[in-house]
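A short worksheet on the structure shown next.
Dropping the structure here:
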């Protein structure tokens with residue numbers, strides 16, 4: 285699905301800087317083959333309410349269709365229609381996510397990641413986000429995840 289392009293030509297640099305940090309950081313930049321912005325379906329499994337709220341708010345501002353996960357037992361029912369999955373494996377339990385990493389972007393959140401853990405996750409195709417996170421760190425990871433999903437979708441559209 286695509287949404288119409290937003291016309292930002294009437295916004296000068298000063299106006300954009302005057303917006304709140306979150307709002308100015310959350311403009312989506314992934315475009316589909318038609319040149320229109322892509323809408324992403326994002327499943328968020330984060331049990332800490334403050335972290336879930338931060339993630340969902342940023343995603344909503346980026347025009348994601350956000351599904352806040354509530355029951356981990358229901359995750360298999362929605363993964364097939366998910367573009368981006370945000371999870372903390374320490375809180376949600378074990379699930380073989382490797383079979384999904386090719387078709388979606390998976391962002392793994394955690395309190396601490398050693399450098400070798402980050403490298404292992406990256407080598408397996410996952411993105412990492414260290415808690416507590418800022419709007420800027422979430423945005424940086426989201427841009428990478430959106431770019432991956434846009435590339436996967438563009439490739440499937442060409443088939």
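Residue numbers (this note's numbering): 285 to 443.
All residues carry an ideal CB built from backbone N, CA and C; glycine is no exception.
- For residue 424, the enclosing alpha helix (DSSP H) begins and ends at 419-442.
- Between residue 369 and residue 343, the C-beta spacing is not below 8 Å.
- Inter-residue distance for residue 399 and residue 407 is about 12 Å (C-alpha atoms, whole angstroms).
- In this structure residue 410 touches residue 392 by the C-beta definition: roughly 5 Å separates them, less than 8 Å.
- DSSP, reduced to helix, strand and coil, places residue 333 within a helical segment of the structure shown.
- Distances from the alpha-carbon of residue 417 to those of 323, 337, 390 and 325 put 337 closest.
- Exposed is the label assigned to residue 420, since fewer than 16 other Cβ atoms lie within 10 Å of its Cβ.
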